[in-house]
Amino acid sequence: MEWLNNNAQAISAVTSILTLLVWLFYAQLLYNGYVRQRRPRIIINRGLGTGQNALCLISNMSSESIYIQHVVAILHTRENSYMVDVAEYQEEKEDEQKGKSIRSHQGPLASGDYLHMQRFAALPIRSAPPGDWTTPSMTRRGCNWNCG
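Under numbering that gives the first Met the number 0, the first residue of the sequence shown carries the number 0, and numbering increases by one thereafter.
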């Protein structure tokens, strides 16, 4: 008992330091959980099938809305690689009354919402220069392409 009385200040200092370390550990756990929760989670996946006619879907899985600025499709051929931003303005089918209508996939995407970019088969046609593709089928030409 006399030893405790003699070393009470040192024991109190060590206990305070250990308590501080425990609190720092808990603060780190809380901070990591907060950062993980606020991190944007985006899934680029296919919908309505598994082939080239499947839709390129972008889903926002985060807890807050995100802003879609660029989605880049890269087409790798044996000779070259081509890249196109598929989120920029795209021409749609020509309407007799309005002419060509143009739309953009850039903009906010709410939490839990999704965006249909276009069909995967249309991505290589937009990325390659005119005249490089005679058919939209990539399996016949032996090409590899990614959306992401």
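All residues carry an ideal CB built from backbone N, CA and C; glycine is no exception.
Own chain, CB closer than 6 Å to V70, minus 5 neighbours either side, in chain order: As a first step, residue 70 must be located in the sequence shown, where it is residue number 71. These residues qualify, in order along the chain: V85, A86.
Residue of L122, I73, S62, S58 minimising C-alpha distance to L114: On the sequence shown, position 115 is the one that residue 114 refers to. Checked all of L122, I73, S62, S58; the closest Cα to L114 is S58.
beta-carbon M116 near the ligand NAP non-hydrogen atom, thresh 7 Å: Among the components modelled here there is no ligand, and therefore nothing to report on the ligand NAP.
Cβ-Cβ distance between L19 and I65 below 8 Å: Reading the sequence shown from its first residue, position 20 is the one you call residue 19. Reading the sequence shown from its first residue, position 66 is the one you call residue 65. Contact: no.
For S62, three-class secondary structure by DSSP: One-based indexing of the sequence shown puts residue 62 at position 63. Reduced to three states, the DSSP call for S62 is coil.
Distance between beta carbons of Q117 and Q68, contact taken as under 8 Å: Position 69 of the sequence shown holds residue 68. Position 118 of the sequence shown holds residue 117. Contact doesn't hold; Cβ gap of about 17 Å is too wide.
Span of the beta strand (DSSP E) around Q117: Translated into the one-based positions of the sequence shown, residue 117 becomes position 118. That run of the beta strand (DSSP E) goes 113-118.
C-alpha distance - S136 paired with L74, whole-angstrom precision: Counting from 1 along the sequence shown, the entry for residue 136 is found at position 137. Counting from 1 along the sequence shown, the entry for residue 74 is found at position 75. Low confidence applies here, because S136 scores a pLDDT of 38, under 50, leaving its location unreliable and the question unanswered by this model.
Which listed residue (A53, S62, A121, L56) has its alpha carbon closest to that of V83: In the sequence shown, residue 83 corresponds to position 84, counting from 1. Checked all of A53, S62, A121, L56; the closest Cα to V83 is A121.
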